[in-house]
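J.:
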Amino acid sequence: MVENEHFENQQHEWESALQVTGTDEPAVQVNPKALEHLMVSRQKVLPLREYVDGILAGDITVLSKAITLVESSLSEHQRLAREIIAECVPHSGKALRLGITGVPGAGKSTFIEALGMELCRQDKRVAVLAIDPSSQRSKGSILGDKTRMEELSQQRNAYIRPSASAGTLGGVARKTREAIILCEAAGFDTIFVETVGVGQSETAVYSMVDYFLLLLIGGAGDELQGIKRGIMEMADGIVVNKADGDNVNRANRAAAEIRNAVHLFPPSESGQPVNVTTCSSLTHYNVPEVWDMVLTHVENIRKSGYLEEKRARQDVQMMLDTIENTLKSNFYENTRVKDMLKLIENDVENKRMSAYEGARRLIELYQH
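Note that my numbering gives residue 1268 to position 231 of the sequence shown, counting from 1, and the numbers run on in steps of one.
(1) Can you tell me whether residue 1274 is helix, strand or coil according to DSSP?
(2) Quick check on residue 1302: buried or exposed, where buried means 16 or more other Cβ atoms within 10 Å of its Cβ?
(3) What do you get for residue 1295, buried or exposed, if any count of 16 or more other CB atoms within 10 angstroms of its CB means buried?
(4) When you compare only the Cα positions, how much space is there between residue 1106 and residue 1166?
(5) Verify whether the separation of the beta carbon atoms of residue 1398 and residue 1130 is less than 9 Å.
(6) If you draw a straight line from the alpha carbon of residue 1250 to that of residue 1149, how long is it in whole angstroms?
(7) Does the stretch 1221-1230 come close enough to the stretch 1091-1099 that 3 or more CB-CB pairs lie under 8 Å?
(8) Between residue 1320 and residue 1213, what straight-line distance do the alpha-carbon atoms span, to the nearest angstrom?
(9) Who are residue 1136's beta bridge partners in DSSP?
(10) Starting from the Cα of residue 1185, find the closest Cα among 1117, 1269, 1151 and give me that residue.
(11) Using the C-alpha atoms, what's the distance from residue 1350 back to residue 1326?
(12) Which value, in whole angstroms, describes the spacing of the CA atoms of residue 1299 and residue 1133?
(13) Verify whether the separation of the beta carbon atoms of residue 1274 and residue 1313 is less than 9 Å.
(14) Given residue 1164, which residues of its chain have a CB within under 6 Å of its CB, disregarding the five upstream and five downstream residues?
(15) Three or more C-beta pairs under 8 Å: does that hold for the stretch 1359-1366 against the stretch 1380-1396?
(16) Looking only at its chain, what residues have a beta carbon closer than 6 Å to the beta carbon of residue 995, apart from the 5 residues adjacent to it on each side?
(17) Out of 1373, 1309, 1124, 1160, which has the shortest C-alpha to C-alpha gap to residue 1086?
(18) Restricting to Cα atoms, I'd like to know which of 1388, 1384, 1376 is closest to residue 1402.
(19) With DSSP as the reference, identify every bridge partner of residue 1254, one or two as the case may be.
(20) Roughly how many angstroms separate the alpha carbons of residue 1366 and residue 1316, rounded to a whole number?
(21) Can residue 1252 and residue 1168 be called in contact, C-beta distance under 9 Å?
(22) Measuring alpha carbon to alpha carbon, tell me which residue in 1192, 1112, 1104, 1211 is nearest residue 1199.
(23) With DSSP as the reference, please indicate the residues paired to residue 1312 in a beta bridge.
(24) Give the C-beta separation of residue 1122 and residue 1088 to the nearest angstrom, bearing in mind that I take them to be a contact with Cβ-Cβ under 8 Å.
(25) How far does the alpha helix (DSSP H) with residue 1403 in it extend, from its first residue to its last?
(26) Please classify residue 1116: does DSSP put it in a helix, a strand, or coil?
(27) Take the Cβ of residue 1113 as the centre, count every other Cβ of all protein chains shown within 10 Å, and call the residue buried at 16 or more, exposed below.
(28) Mind checking whether residue 1311 and residue 1135 have CB atoms under 9 Å apart?
(29) Does residue 1164 come out as helix, strand or coil in the three-state DSSP assignment?
(30) By how many angstroms is the C-alpha of residue 1387 removed from the C-alpha of residue 1378?
(31) Using beta-carbon positions only, say whether residue 1280 and residue 1288 come within less than 9 Å of one another.
(32) By the 10 Å Cβ neighbour count, where 16 or more other Cβ atoms means buried, how is residue 1247 classified, buried or exposed?
(33) Extract the residue ranges of the beta strand (DSSP E) inside the stretch 1282-1346, only unbroken runs of 3 or more that lie entirely within it.
Next up, the structure:
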């Protein structure tokens, strides 16, 4: 299910109210702060024990409310969210965490739905989390890249959470890690983390999953595949999607070329080979085989001890990210900094003060 019905209905109302009737223009980007206050104002904050007990009982409504607290930037919500996370951490860590990224048009959502449906048929409990670093100019939109997985969203064993997409990439990554903990505590045994944006979001997702899957398409052109070269070197597995109809031969050729290319990459830290295959999310061709590929890799790194080592490093990274984001948040919430920020920004913009001097003065205000 996509969150709870109450949250989804609110989201649909806000989205439809912002769209231009009778046009084909893209959805309007929403001020995330305004949306956050709308969401939080309509949500009754529960006592700590109700959140924890509800999550451990697998209550999706309570889980959604807890993730909304995690995504909130309000200090009182952050304090409560930290307490909820602390209570849930001992009950997390048992799920398989699968990161999925891909070139534009590779069919990530369709693939996730096809794989998710396969796992639901196996009585797995699947949670899908989207991570979108969002535009620094517009500050992003929770509604701009709405998850479209209608069939999967109707499954009782599935939970789909669109990313809040507010703030810096580091903040989004931390919130996604915390959402993983909550979903695992709620009993989900398979967590999909999908990158919606491009660029550094893949690195963020790689730092929180057990298996990183790259989705490509045949015949996309070297210039399109080239933007993912650095990502290809991080991938544990590569799947050429849309291997159906007239595209089968192109997909097979692309897979063969990629297999040749991965031999030129440095050996992976895990010691496991990078498997390359094709699939069709539309016809379900090879989708179960892709899952078997993931399971084999994860089982191998579990036996070798690499999985435990990798998760330990991820925990350290989460600690460092939390420190960085907490310090940044505290800095901008400081009253003296707030009072002087606009004035110093204006001085720097008009060349009356250097950027370094402006930063030094604001930091001194914060420290004293």
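Glycine included, each C-beta is placed from N, C-alpha and C at the ideal position.
T.: With the structure as the only source:
(1) Looking at residue 1274 - three-state DSSP - the assignment turns out to be strand.
(2) Per the 10 Å Cβ criterion, exposed.
(3) Buried is the call here.
(4) Straight-line Cα distance between these residues: approximately 16 Å.
(5) No, Cβ-Cβ distance for residue 1398 and residue 1130 is not below 9 Å.
(6) Approximately 11 Å, taken between the alpha carbons.
(7) By the Cβ rule, the stretch 1091-1099 counts as touching the stretch 1221-1230, because three or more pairs are nearer than 8 Å.
(8) Distance between residue 1320 and residue 1213, taken at the CA atoms: about 31 Å.
(9) The partner list for residue 1136 (beta bridge, DSSP) reads 1230, 1249.
(10) From the listed residues 1117, 1269, 1151, the smallest Cα separation to residue 1185 is found for 1151.
(11) Roughly 29 Å separates the two Cα atoms.
(12) Cα to Cα, the separation comes out at about 25 Å.
(13) Yes, Cβ-Cβ distance for residue 1274 and residue 1313 is below 9 Å.
(14) So the list reads 1196, 1220, 1225, 1228, once near-sequence residues are dropped.
(15) These segments do not touch.
(16) Absent from the structure is residue 995, since the part of the chain shown begins at 1038 and ends at 1405.
(17) The candidate whose alpha carbon is nearest that of residue 1086 is 1124.
(18) With distances taken between Cα atoms, residue 1402 lies closest to 1376.
(19) Secondary-structure assignment with DSSP links residue 1254 through a beta bridge to 1278.
(20) Cα-Cα distance, rounded: 43 Å.
(21) Against a cut-off of 9 Å, the Cβ pair of residue 1168 and residue 1252 comes out as no contact.
(22) Its Cα nearest to that of residue 1199, the residue 1104 stands out among 1192, 1112, 1104, 1211.
(23) Residue 1312 pairs with 1274.
(24) In fact, because the Cβ distance is near 10 Å, the residues do not count as touching under 8 Å.
(25) For residue 1403, the uninterrupted alpha helix (DSSP H) run begins and ends at 1392-1404, by DSSP.
(26) The answer is helix: DSSP assigns residue 1116 an H, G or I state.
(27) With fewer than 16 Cβ atoms within 10 Å of its Cβ, residue 1113 is classed as exposed.
(28) Contact flag unset, no.
(29) Strand at residue 1164.
(30) Inter-residue distance for residue 1378 and residue 1387 is about 14 Å (C-alpha atoms, whole angstroms).
(31) For residue 1280 and residue 1288, yes; Cβs fall inside 9 Å.
(32) By the neighbour-count rule (16 or more Cβ atoms within 10 Å), residue 1247 is buried.
(33) For the stretch 1282-1346, whole beta strand (DSSP E) runs of length 3 or above, ordered along the chain, are 1312-1315.
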